[in-house]
Amino acid sequence: SKFTLSLPKIELHAHLNGSIRRSTLSHLAALRNVDPSTTRILSHIPSTLSEAFDVFRIIHSCVVTLADVERIAYEIGEDMEEDGVVYAEIRSTPRDMGEGDLEGYVKAVLRGFDRYRLEKGKVILRLLLSIDRAKHTASDSYEIVSLAAKFRSQGVIGIDLSGDPTKGDFGTYLPALTHARSLGLKITLHAGEVLNPTEFSSMLDFHPDRFGHCCFVDPPNLARLTESSIPIELCLTSNLLSNSIPTGKLTDHHFGIHHNAKSEGSTICCISTDDSGVFGSPLSNEYRLVMDSFGLGEREVFELARRTLDATFLESQSGKNADEATGKDSEDRK
Ligand code: 5GP
15 SKFTLSLPKI ELHAHLNGSI RRSTLSHLAA LRNVDPSTTR ILSHIPSTLS EAFDVFRIIH
75 SCVVTLADVE RIAYEIGEDM EEDGVVYAEI RSTPRDMGEG DLEGYVKAVL RGFDRYRLEK
135 GKVILRLLLS IDRAKHTASD SYEIVSLAAK FRSQGVIGID LSGDPTKGDF GTYLPALTHA
195 RSLGLKITLH AGEVLNPTEF SSMLDFHPDR FGHCCFVDPP NLARLTESSI PIELCLTSNL
255 LSNSIPTGKL TDHHFGIHHN AKSEGSTICC ISTDDSGVFG SPLSNEYRLV MDSFGLGERE
315 VFELARRTLD ATFLESQSGK NADEATGKDS EDRK
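Position 298 of the sequence shown, counting from 1, maps to 312 under UniProt numbering, and the rest follow consecutively.
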């Protein structure tokens, strides 16, 4: 809708390769001779989480050079600008593109962002580096944290834990994540994409700066989550299409549990796209779906989008997290 398109939006949960433009994906697939039987997946939208992971594998088989990575990063800037996004934290899993190290990958993403900034530049872009729980070892996770620290002044501001939630173990990455925090990097964790109360509870003990998803959370952990006031990145279309809303209806999405427009202390819900290339829904559409599914008015949606600012990983001048600073201000006013 016009309103949600014009609304200045902040995107906090978007995977670089999952946000690839469909036309770019088709172009790269043809260029790389990716098997035509798999390209059917390119025109087909996944219907389970495991199908979504099949799509990521295909995208990765098409995106094979550092120039491809740079191109996707640049085009994300363009696409978000067109969609009325003003600030975005894009996450990506560094991959060895045949150069023998992961640094080249990070530099390629930052080159894409920089080129966008110089040529167009309406959207402010920052990068989070992802640890893949299905692929990375503890030592890989330390390498990714070191890379994030190394490129901090160039736009990397945090760490994400993602990848297939049915694989790997949060505990493997806890030492590197704790180290990241000690270096001043912010951390967001994919959590509750499948029901796993033990893991969710360990993640709450760690107290990340944000959580992603939180679709399946048992009642005791849900109570702790609400109490923690940790912001949550919510991706309605992604959850719907990957079959993570038990009833299959957007009106039953857990946004409804976390959003309480009237109470100031409610959890910050960061409406996000996850993988706009895979699921085919830009952020303006996600906001429209929230409006329609939960009956929010324009003012409430504006407020929802504004509150997201307090969940970004941008530093405030005092060096404190923006949301801590804001929380303090409102305490002072009381
Ligand atoms: P990339 O990190 O290569 O830029 O983006 C694709 C990767 O992001 C996938 O291979 C996967 O590790 C991660 N990813 C994308 N969407 C999801 C999701 O919905 N859940 C989880 N856990 N990981 C995801």
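Every residue gets a Cβ at the ideal spot worked out from N, C-alpha and C, and that includes glycine.
(1) Could you please give the first and the last residue of the uninterrupted alpha helix (DSSP H) stretch that includes residue 349?
(2) Would you please state the rounded distance, in angstroms, between the beta carbons of residue 300 and residue 282? I believe it to be under 8 Å.
(3) When DSSP labels each residue in this structure, what does residue 180 get in the three-state scheme?
(4) Please report the straight-line C-alpha distance between residue 107 and residue 119, rounded to a whole angstrom.
(5) For residue 306, tell me which candidate among 294, 250 and 214 has the shortest Cα-Cα distance.
(6) Measuring CB to CB, does residue 97 end up less than 8 Å from residue 298?
(7) Who are the near neighbours of residue 236 in its chain, counting only those whose CB is closer than 8 Å to its CB and skipping five residues on each side?
(8) Can you tell me which of 29, 76, 327 and 139 puts its alpha carbon nearest to the alpha carbon of residue 224?
(9) Consult DSSP for residue 99 and reduce its assignment to one of helix, strand or coil.
(10) Have a look at residue 356 and residue 28 and give me their C-alpha separation to the nearest angstrom.
(11) Taking 7 Å as the cut-off, is the CB of residue 267 close to at least one heavy atom of the ligand 5GP?
(12) So does residue 107 have its beta carbon nearer than 7 Å to some heavy atom of the ligand 5GP?
(13) Alpha carbons only, please: which of 146, 179, 124 and 16 is nearest the one belonging to residue 85?
So, from the data block:
(1) The structure shown does not extend to residue 349, since the chain is modelled only from 15 through 348, so no value can be given for it.
(2) One-based indexing of the sequence shown puts residue 300 at position 286. One-based indexing of the sequence shown puts residue 282 at position 268. Not confirmed; about 16 Å, so no contact.
(3) Here residue 180 refers to the residue found at position 166 of the sequence shown. Residue 180 falls in the coil class under three-state DSSP.
(4) The residue you call residue 107 lines up with position 93 of the sequence shown. The residue you call residue 119 lines up with position 105 of the sequence shown. C-alpha separation (whole angstroms): 9 Å.
(5) Residue mapping note: residue 306 aligns to position 292 of the sequence shown, counting from 1. Checking every option, the nearest Cα to that of residue 306 belongs to 250.
(6) Against the sequence shown, residue 97 aligns to sequence position 83. Against the sequence shown, residue 298 aligns to sequence position 284. In contact: residue 97 and residue 298 (Cβ atoms closer than 8 Å).
(7) Position 222 of the sequence shown, counted from the start, is the residue given in the question as residue 236. Once the five neighbours on either side are set aside, the close Cβ partners of residue 236 are 271.
(8) Locating residue 224 in the sequence shown gives position 210, counting from the first residue. For the residues 29, 76, 327 and 139, the minimum Cα distance to residue 224 belongs to 327.
(9) Residue 99 sits at position 85 when you count from the first residue of the sequence shown. Strand at residue 99.
(10) Outside the displayed span of the chain (15 to 348) sits residue 356, for which this structure offers no information.
(11) As a first step, residue 267 is located in the sequence shown; it is residue number 253 there, counting from the start. No, Cβ of residue 267 sits at least 7 Å from all heavy atoms of the ligand 5GP.
(12) Taking the sequence shown and counting its residues from 1, the one referred to as residue 107 is at position 93. Correct: residue 107 has its Cβ closer than 7 Å to the ligand 5GP.
(13) Numbered from its first residue, the sequence shown carries residue 85 at position 71. Out of 146, 179, 124 and 16, 124 has the C-alpha closest to the C-alpha of residue 85.
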